[in-house]
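Chains as they are written, first to last, in the numbering used here: chain U, 1 to 388; chain G, 1 to 145.
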Amino acid sequence: MPKLSFPIGPQHPALKEPENLRFTVDGELVVDADIRIGYVHRSIERSCSERNYVQDLYLCERVCGICSNAHTLAYSMAIEKLADVEVPERAQYIRMMMHEFERIHSHMLWLGVAAHEIGFETLFMYAWRDREIIQDILEMVSGNRGHYAMTTLGGVRYDITDEMAGKIREGLATLRQRAEHYADIATTEATFLKRTVGVGVVSGDRCQQLGACGPVVRASGKDYDVRAYFPYLKYDNVEWEVRTSELCDVLGRTIVRVQEVIDACDISIQCLDLMPEGGEIQAKFPRKVPEGEVTSRVEAQRGELIYYVRSDGSDVPERVKIRTPTLANLPASIEMVIGGQIADIPIAFASIDPCFSCTDRMVVLDDISTGDRRTMSWAELVKLGKRK
Amino acid sequence: MPRRFGIAAMAMELMESLLVQKPATVIYPVERLEPPERFRGRLRFNPDECSLCGLCQRDCPADVIKVVRKRVEKEDGTKELTGHLEFEMDRCVFCGQCAQSCRKGAITFTHEFELAQPSRELFMMDTRTEDTADEECDVDEDTVP
Ligand code: SF4
Ligand code: SF4
Numbered sequence: 001m002p003k004l005s006f007p008i009g010p011q012h013p014a015l016k017e018p019e020n021l022r023f024t025v026d027g028e029l030v031v032d033a034d035i036r037i038g039y040v041h042r043s044i045e046r047s048c049s050e051r052n053y054v055q056d057l058y059l060c061e062r063v064c065g066i067c068s069n070a071h072t073l074a075y076s077m078a079i080e081k082l083a084d085v086e087v088p089e090r091a092q093y094i095r096m097m098m099h100e101f102e103r104i105h106s107h108m109l110w111l112g113v114a115a116h117e118i119g120f121e122t123l124f125m126y127a128w129r130d131r132e133i134i135q136d137i138l139e140m141v142s143g144n145r146g147h148y149a150m151t152t153l154g155g156v157r158y159d160i161t162d163e164m165a166g167k168i169r170e171g172l173a174t175l176r177q178r179a180e181h182y183a184d185i186a187t188t189e190a191t192f193l194k195r196t197v198g199v200g201v202v203s204g205d206r207c208q209q210l211g212a213c214g215p216v217v218r219a220s221g222k223d224y225d226v227r228a229y230f231p232y233l234k235y236d237n238v239e240w241e242v243r244t245s246e247l248c249d250v251l252g253r254t255i256v257r258v259q260e261v262i263d264a265c266d267i268s269i270q271c272l273d274l275m276p277e278g279g280e281i282q283a284k285f286p287r288k289v290p291e292g293e294v295t296s297r298v299e300a301q302r303g304e305l306i307y308y309v310r311s312d313g314s315d316v317p318e319r320v321k322i323r324t325p326t327l328a329n330l331p332a333s334i335e336m337v338i339g340g341q342i343a344d345i346p347i348a349f350a351s352i353d354p355c356f357s358c359t360d361r362m363v364v365l366d367d368i369s370t371g372d373r374r375t376m377s378w379a380e381l382v383k384l385g386k387r388k
Numbered sequence: 001m002p003r004r005f006g007i008a009a010m011a012m013e014l015m016e017s018l019l020v021q022k023p024a025t026v027i028y029p030v031e032r033l034e035p036p037e038r039f040r041g042r043l044r045f046n047p048d049e050c051s052l053c054g055l056c057q058r059d060c061p062a063d064v065i066k067v068v069r070k071r072v073e074k075e076d077g078t079k080e081l082t083g084h085l086e087f088e089m090d091r092c093v094f095c096g097q098c099a100q101s102c103r104k105g106a107i108t109f110t111h112e113f114e115l116a117q118p119s120r121e122l123f124m125m126d127t128r129t130e131d132t133a134d135e136e137c138d139v140d141e142d143t144v145p
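Have a look at this one:
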């Protein structure tokens, strides 16, 4: 049978965000794939150089609607390092709880989306219903279901009251039970296994070669997690372990994420126990940040999120550079679909939990008509990265 | 048999939710959920508390606020600072930074969340009490509120 190439997107009913996927198929088998991004470029990095450090906090928060707290956390950690400001201990625990709450809501959301992609609508509905528990907690603590605006430069905006702590404990206990139930479903339910076992396979070594991160690399047997390798906030003080799976497929990614929901519940409860009573939640923060450059990284729910900030000593950053986890996971996602069935493309792609709006920064496109590729040297890349 | 466990549990849960539990959603707008205490709904501005310092304008990430200041000469020859604030509320992202920055507590948030309007003009919130001329305010504070 002759091979057939076809594009999907940038505008396509099956896509939630504009991106262009190209597939070459031989019958039902995918033999080649490529991805082209750059359709939702929003100029956020450049806009950061136009606003002051406080305003940028909210701009960075809007890089992504799902991992908004991870973005403000990475951003403020970078600026705090530059300004040499110590965040109060209580605020660090609250930040950590918000970080884990966000992981729970994101993984539960992903579980629903994954179930929907394989046609398991019951699981989709249940996962999203249970996600409301954590959404209610997030709303109670921060005032919002998304874009929480909890992290401020030098601390957090709101404290957690005793009454809230009680409700959080209660909610997380239910959620933990539900997550255990989903872990059972994922590993025992025949239809779920049929659509996930051996689908979207990529080995751990290949993941590392391609620079993948987050649950994708952990589901391929590598234990890379920023929280463990480069501990920030108070991750040193709580007991938890990096969850990995040797399965290297969609099932492995599901198991890792569901386990991380359970762990996130435990970490949050430990934070409530370890948090010092009362005290400051916000340190004084200078408007002007000393000259210098800094990087910070956090383990967002989709993987490693990196911020680079350069200051010229004014109240406006000279350069902000953001590396989102989806960008790191895209090359691995291409490998996942090649060799698989056409019907498995949606779940294989969904298994990296992609977010294209976060990823779009600036892309240098190869010329499709001539097939010309542009190669850049390391020195050129550094120059390009530092240019405003 | 472990294989049957997952689907059996889910089938039981399905029956339970059909027969016993209430729907997870409410019939809006007949039924409404009460927003939490910290919810940031419609912005409320109290001109009596405002000192026209301009801190809110400086930190608003969406350029919603414009502080207009004017010095008027009183009858006894002394000058008084007056002015007003203009809010372009269709731009607001409800981040709450203005309320954080304001040291006078002049900006607060209500629980009102149904804010749609048929035209952009209706989003303009002008707190003008008298005719004032535009004058960009210039503030320089050295710490973040
Ligand atoms: S809530 Fe945020 S966007 Fe809205 S006026 Fe206040 S600072 Fe500006
Ligand atoms: S920060 Fe407060 S006092 Fe200052 S101009 Fe704004 S509303 Fe008025």
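Using N, Cα and C, we set each Cβ at its ideal position, and we do this for glycine too.
Contact set for residue i: own chain, Cβ-Cβ below 7 Å, skip 5 residues either direction
i, result
"residue 358 (chain U)", "63, 64, 324 and 326"
"residue 174 (chain U)", "133"
"residue 203 (chain U)", "220 and 248"
"residue 48 (chain G)", "none"
"residue 120 (chain U)", "191 and 192"
"residue 272 (chain U)", "165, 168 and 169"
"residue 225 (chain U)", "218, 242 and 299"
"residue 116 (chain U)", "124"
"residue 312 (chain U)", "291 and 318"
Buried/exposed call for residue i, threshold 16 Cβ in 10 Å
i, result
"residue 72 (chain U)", "buried"
"residue 190 (chain U)", "exposed"
"residue 71 (chain G)", "exposed"
"residue 46 (chain G)", "exposed"
"residue 92 (chain U)", "buried"
"residue 28 (chain G)", "exposed"
"residue 111 (chain G)", "exposed"
"residue 138 (chain G)", "Because the pLDDT at residue 138 (chain G) is just 47, under 50, the model does not fix this residue reliably, and the point stays unresolved."
"residue 12 (chain U)", "exposed"
"residue 354 (chain U)", "buried"
"residue 124 (chain G)", "exposed"
"residue 27 (chain U)", "exposed"
"residue 26 (chain G)", "exposed"
"residue 41 (chain U)", "exposed"
"residue 98 (chain U)", "buried"
"residue 377 (chain U)", "exposed"
"residue 82 (chain U)", "buried"
"residue 61 (chain G)", "buried"
"residue 263 (chain U)", "buried"
"residue 117 (chain G)", "exposed"
"residue 2 (chain U)", "exposed"
"residue 380 (chain U)", "exposed"
Close-in-space but distant-in-sequence residues of the same chain around residue i (CB under 6 Å, 5 per side omitted)
i, result
"residue 82 (chain G)", "70 and 72"
"residue 79 (chain G)", "71 and 73"
"residue 141 (chain G)", "Reliability fails at residue 141 (chain G), whose pLDDT of 45 lies under 50, so the model's placement of it is uncertain and no value is given."
Residues that DSSP places opposite residue i in a beta bridge
i, result
"residue 124 (chain G)", "G:88"
"residue 321 (chain U)", "U:308"
"residue 36 (chain U)", "U:20"
"residue 7 (chain U)", "U:22"
"residue 341 (chain U)", "U:29"
"residue 146 (chain G)", "The first residue shown for chain G is 1 and the last is 145, placing residue 146 (chain G) beyond what the model contains."
Sequence-distant residues of the same chain with beta carbon closer than 8 Å to residue i, five excluded per side
i, result
"residue 315 (chain U)", "52, 53, 287, 288 and 289"
"residue 252 (chain U)", "219, 220, 245 and 246"
"residue 167 (chain U)", "137 and 140"
Under the three-state DSSP convention, the category residue i falls into
i, result
"residue 136 (chain G)", "In this prediction, residue 136 (chain G) scores a pLDDT of 47, lower than 50, which makes its location untrustworthy; the coordinate-derived value is nonetheless stated afterwards. DSSP places residue 136 (chain G) in coil when its eight states are reduced to three."
"residue 212 (chain U)", "coil"
"residue 262 (chain U)", "helix"
"residue 113 (chain G)", "coil"
"residue 161 (chain G)", "Residue 161 (chain G) falls outside the range modelled here, since chain G spans only 1 to 145, and no answer is possible."
"residue 241 (chain U)", "coil"
"residue 178 (chain U)", "helix"
"residue 353 (chain U)", "coil"
"residue 151 (chain U)", "strand"
"residue 49 (chain U)", "coil"
"residue 333 (chain U)", "helix"
"residue 154 (chain G)", "Absent from the model: residue 154 (chain G). The displayed extent of chain G is 1 to 145, so no value can be given."
"residue 256 (chain U)", "helix"
"residue 101 (chain G)", "helix"
"residue 202 (chain U)", "coil"
"residue 189 (chain U)", "coil"
"residue 115 (chain U)", "helix"
"residue 297 (chain U)", "strand"
Within chain B, the residues that residue i reaches when beta carbons sit closer than 7 Å
i, result
"residue 61 (chain G)", "Checking the listed chains, one finds no chain B in this structure; the protein chains it contains are U and G."
Anything with a beta carbon under 6 Å from a heavy atom of ligand 2 counts; list them all in chain order.
Taken from the N-terminal end onward, the list reads G:50, G:51, G:52, G:53, G:54, G:55, G:56, G:67, G:101, G:102, G:104, G:106 and G:107.
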